[in-house]
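Working notes for the structure below.
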Amino acid sequence: MAKKVDYLIIGSGIAGLSFAIKAAEKGTVAIVTKKERAESNTNYAQGGIAAVMNKTDSVEDHKNDTLIAGAGLCDEDIVDIVVNEGPIRVRELIEMGAHFTREEGKLHLGREGGHSANRIVHAADATGYEVERTLLSNVANHPNIEIFEHHFALELITDHHLGRHITRLSPDITCYGAYVFDENDNSIETVLAKATLLATGGAGQVYLHSTNPGIATGDGVAMAYRAKARIANMEFVQFHPTSLYHPEANSFLISEAVRGEGGILLNKGGDRFMPSYDEREELAPRDIVARAIDDQLKQRGDDYVYLDISHRNKDDIIHHFPTIYKTCLKFGIDMTTDPIPVVPAAHYQCGGVLTDPYGRTTIRGLYASGEVACTGLHGANRLASNSLLEALVFSHRAEAKALEYRNESMWNESVPDWDDSGTARPQEWVLISHNREELRRVMWNYVGIVRSSLRLDRAFRRTHLLFEETENYYRRSAISAGLCELRNMIAVAYLIIRSAQMRRESRGLHYMLDYKELVEAERRPTFV
Ligand code: FAD
Ligand code: SIN
Numbered sequence: 008m009a010k011k012v013d014y015l016i017i018g019s020g021i022a023g024l025s026f027a028i029k030a031a032e033k034g035t036v037a038i039v040t041k042k043e044r045a046e047s048n049t050n051y052a053q054g055g056i057a058a059v060m061n062k063t064d065s066v067e068d069h070k071n072d073t074l075i076a077g078a079g080l081c082d083e084d085i086v087d088i089v090v091n092e093g094p095i096r097v098r099e100l101i102e103m104g105a106h107f108t109r110e111e112g113k114l115h116l117g118r119e120g121g122h123s124a125n126r127i128v129h130a131a132d133a134t135g136y137e138v139e140r141t142l143l144s145n146v147a148n149h150p151n152i153e154i155f156e157h158h159f160a161l162e163l164i165t166d167h168h169l170g171r172h173i174t175r176l177s178p179d180i181t182c183y184g185a186y187v188f189d190e191n192d193n194s195i196e197t198v199l200a201k202a203t204l205l206a207t208g209g210a211g212q213v214y215l216h217s218t219n220p221g222i223a224t225g226d227g228v229a230m231a232y233r234a235k236a237r238i239a240n241m242e243f244v245q246f247h248p249t250s251l252y253h254p255e256a257n258s259f260l261i262s263e264a265v266r267g268e269g270g271i272l273l274n275k276g277g278d279r280f281m282p283s284y285d286e287r288e289e290l291a292p293r294d295i296v297a298r299a300i301d302d303q304l305k306q307r308g309d310d311y312v313y314l315d316i317s318h319r320n321k322d323d324i325i326h327h328f329p330t331i332y333k334t335c336l337k338f339g340i341d342m343t344t345d346p347i348p349v350v351p352a353a354h355y356q357c358g359g360v361l362t363d364p365y366g367r368t369t370i371r372g373l374y375a376s377g378e379v380a381c382t383g384l385h386g387a388n389r390l391a392s393n394s395l396l397e398a399l400v401f402s403h404r405a406e407a408k409a410l411e412y413r414n415e416s417m418w419n420e421s422v423p424d425w426d427d428s429g430t431a432r433p434q435e436w437v438l439i440s441h442n443r444e445e446l447r448r449v450m451w452n453y454v455g456i457v458r459s460s461l462r463l464d465r466a467f468r469r470t471h472l473l474f475e476e477t478e479n480y481y482r483r484s485a486i487s488a489g490l491c492e493l494r495n496m497i498a499v500a501y502l503i504i505r506s507a508q509m510r511r512e513s514r515g516l517h518y519m520l521d522y523k524e525l526v527e528a529e530r531r532p533t534f535v
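Have a look at this one:
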């Protein structure tokens, strides 16, 4: 029998949980999350939340910095909304119990690349952990909220499942909930909801090297794409300039805040190189710093560059960066005395499921917030620490609209259960793991920081082959989370490659060797 709730939330990071807390005041909420509840990108966020929190800073400056980073593609109205409403949402988080770093009673505001002022609210270098802890403690034991761990959302339920033929041009596609795979007993449940929120985060795992945890496989974008929602700006993948270079460190992030506190970048020969690439030096926006590092590595044939903050006072370093300090020590690097070897890694998806200023997607009853959404805030490149902020602002706005929608909609009782007849257990796990690895390599090598038409065409051909093999395998196999993730990653890779092929210029995070210039006629979002 189908489960019925007022709100179905897919994902338990900042976007899902902050929506849940507000929605639960008005109706029943089910949160499905594919691993343990805290496992999310949110939990690993380091630097902080960008917001104008004192009188020496201004929302105009925050807006301006966001627009500059976004390289002409931000939606100005959306930027206005976020910089103006952001501080209220951050204060709410503090009222819910978040402990951010203070000095002499006042919030300590950090600095990151592209910001013209100190405006990063943070909890030392583990801001995401504090945010996730706060939100989960507010959700815990709420009578209207149920969290289902190890529950993997497979597909959004739409008119397609009721037998209607729909295309990307069909008007009035409606979302009625989702089919969810319960990994605890391998069953597939039908969850009917009056309103559904996609809060599934990003897709860093599509690349071989990524700062993102394993959950970031782009499931939300892939599901929404299959459901025929509009997807935008997928070519803009942000590579963080500084992840720890160590075979066992899993691309552990070295926060941009380290550069904000005076860290400098040196090549392996010991020369500082950022001043020759940009007048903002180490605090230039991320696309510029990542490309400069890539250029140094290619010119010199090195595997990494150094990030050095050892000239700063030892106690200050440990005070500001306790997590980074301890993690580096674990790998034999003492950042108070030695430079840290770093390389860029895939970090953030600027594009995603297209939403309006209220988090509404192009499918009725389906909302999106957080990294899965493309709100128009980031344009061609996200300004540091703007994403936690974006999630807070749009989950709040979406919740208000979802309430109106919920009040006038009913569960659709004619939705059929999931049909898995004709499938058998997957026998060959190696096919899934091999194809996943191959896809991640293709994306890293051909669709990375620097692209070309030749590399993109190659990536497209390889990905298409992986798509055909995996779809064939999927049709014959019983559901497993691994297989569904692979399928979703291939869909996201396809969207990134196709969007990149469509943009014949270099803008923000999308840098093409054969179209090196910015082209005014190309200044528009990309829709696949
Ligand atoms: P997430 O926090 O990623 O949550 C997604 C949730 O969806 C997870 O619970 C996941 O399990 C679940 N999920 C996914 N697919 C499914 C499925 N099919 N079924 C069920 N559940 C599913 N941003 C900043 O603004 N400031 C920072 O300092 C900062 N630092 C960062 C540091 C690191 C190392 C990383 C990786 C990112 C950082 N970011 C930072 C980016 C920011 O953390 C993310 O963009 C943000 O947390 C995304 O929140 P979210 O709620 O959209 O998604
Ligand atoms: C960082 O701490 O460098 C990450 C900040 C972000 O991704 O916004």
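Numbering-wise (our numbering), the sequence shown opens with residue 8 and increments by one. Where a beta carbon is used, it is the ideal one built from N, C-alpha and C, also for glycine.
heavy atom of the ligand FAD below 7 angstroms from residue i C-beta
{"i": "Gln-245", "result": "no"}
{"i": "Tyr-136", "result": "no"}
{"i": "Ala-52", "result": "yes"}
{"i": "Gly-267", "result": "no"}
{"i": "Leu-396", "result": "yes"}
{"i": "Ile-295", "result": "no"}
{"i": "Lys-42", "result": "yes"}
{"i": "His-167", "result": "no"}
{"i": "Asp-189", "result": "no"}
{"i": "Ser-440", "result": "no"}
{"i": "Ser-123", "result": "no"}
{"i": "Phe-159", "result": "yes"}
{"i": "Asp-72", "result": "no"}
{"i": "Ala-130", "result": "no"}
For residue j and residue i, believed in contact at Cβ under 8 angstroms, the rounded distance
{"i": "Ala-236", "j": "Thr-368", "result": "5 angstroms"}
{"i": "Val-89", "j": "Glu-524", "result": "At roughly 29 angstroms, the Cβ-Cβ gap does not stay under 8 angstroms, so Val-89 and Glu-524 are not in contact."}
{"i": "Asp-226", "j": "Glu-492", "result": "7 angstroms"}
{"i": "Gly-20", "j": "Thr-134", "result": "That belief does not hold up - the Cβ atoms of Gly-20 and Thr-134 are roughly 13 angstroms apart, past 8 angstroms."}
{"i": "Leu-272", "j": "Val-244", "result": "So it is not a contact: roughly 21 angstroms between Cβ atoms."}
Terminal residues of the beta strand (DSSP E) in which residue i lies
{"i": "Tyr-332", "result": "Segment 329 to 337 is the alpha helix (DSSP H) holding Tyr-332; no beta strand (DSSP E) there."}
{"i": "Ala-353", "result": "347 to 356"}
{"i": "Ser-250", "result": "244 to 251"}
{"i": "Ile-261", "result": "No beta strand (DSSP E) holds Ile-261; DSSP gives it neither H nor E."}
{"i": "Ser-194", "result": "194 to 205"}
{"i": "Ile-142", "result": "Here residue 142 is Leu; the residue named in the question, Ile, does not match the sequence. Segment 134 to 146 is the alpha helix (DSSP H) holding Leu-142; no beta strand (DSSP E) there."}
{"i": "Asp-315", "result": "312 to 315"}
Where the alpha helix (DSSP H) through residue i begins and ends
{"i": "Val-400", "result": "394 to 415"}
{"i": "Gln-508", "result": "488 to 509"}
{"i": "Glu-92", "result": "83 to 102"}
{"i": "His-69", "result": "66 to 76"}
{"i": "Ser-25", "result": "21 to 30"}
{"i": "Thr-362", "result": "Taken as a continuous stretch (DSSP letters only), Thr-362 belongs to no alpha helix (DSSP H), as it is neither H nor E."}
{"i": "Ser-123", "result": "Looking at the DSSP string, Ser-123 is not in any alpha helix (DSSP H), and its letter there is neither H nor E."}
{"i": "Glu-162", "result": "Not the alpha helix (DSSP H): Glu-162 falls in the beta strand (DSSP E), residues 158 to 165."}
{"i": "Leu-461", "result": "460 to 483"}
{"i": "Val-437", "result": "436 to 453"}
Close Cβ partners of residue i (< 6 angstroms) along its chain, the five nearest in sequence each way excluded
{"i": "Asp-302", "result": "none"}
{"i": "Ala-22", "result": "Ala-206, Ser-376, Gly-377, Ala-398 and Ser-402"}
{"i": "Phe-467", "result": "Ile-504"}
{"i": "His-253", "result": "Phe-338"}
{"i": "Leu-373", "result": "Cys-182 and Thr-203"}
{"i": "Asn-145", "result": "Ile-28 and Met-103"}
{"i": "Leu-215", "result": "Arg-447, Arg-448 and Trp-451"}
{"i": "Leu-80", "result": "Gly-386 and Ala-387"}
Residue i: CB within 7 angstroms of a non-hydrogen atom of the ligand SIN
{"i": "Gln-356", "result": "no"}
{"i": "Ser-262", "result": "yes"}
{"i": "Ser-258", "result": "no"}
{"i": "Ala-391", "result": "yes"}
Proximity test, residue i beta-carbon vs the ligand HEM heavy atom, cut-off 7 angstroms
{"i": "Ser-459", "result": "This structure lacks the ligand HEM; its bound ligands are the ligand FAD and the ligand SIN."}
Sequence-distant residues of its chain with Cβ nearer than 8 angstroms to residue i (five each side left out)
{"i": "Ile-101", "result": "Phe-107"}
{"i": "Ala-431", "result": "Arg-483, Ser-484 and Ala-485"}
{"i": "Asp-309", "result": "Asn-274, Lys-275 and Gln-303"}
Cut-off 7 angstroms between Cβ atoms - residues of its own chain near residue i, not counting five sequence neighbours on either side
{"i": "Thr-477", "result": "Asn-442, Leu-493, Arg-494 and Ile-497"}
{"i": "Asp-424", "result": "Thr-197"}
At a cut of 8 angstroms, does the segment 407 to 419 reach the segment 377 to 395 through at least three beta carbon pairs? no
With a threshold of 8 angstroms, are at least 3 pairs of Cβ atoms found where one atom belongs to the segment 203 to 219 and the other to the segment 40 to 50? yes
Three or more C-beta pairs closer than 8 angstroms, one from the segment 118 to 127 and one from the segment 148 to 160: is that the case here? no
Spell out a yes or no on whether the segment 319 to 332 and the segment 158 to 174 are touching, meaning 3 or more CB-CB pairs, one atom from each, closer than 8 angstroms. no
Pairing CB atoms from the segment 293 to 302 with CB atoms from the segment 240 to 251, are three or more of them under 8 angstroms? yes
Three-pair Cβ contact test at 8 angstroms for the segment 184 to 194 versus the segment 301 to 320: Counting Cβ pairs under 8 angstroms, fewer than three are found: no touch.
The segment 495 to 514 touching the segment 435 to 453, judged by at least three CB pairs closer than 8 angstroms: yes
Looking at C-beta atoms only, is the number of pairs between the segment 356 to 363 and the segment 254 to 267 that lie closer than 8 angstroms three or more? no
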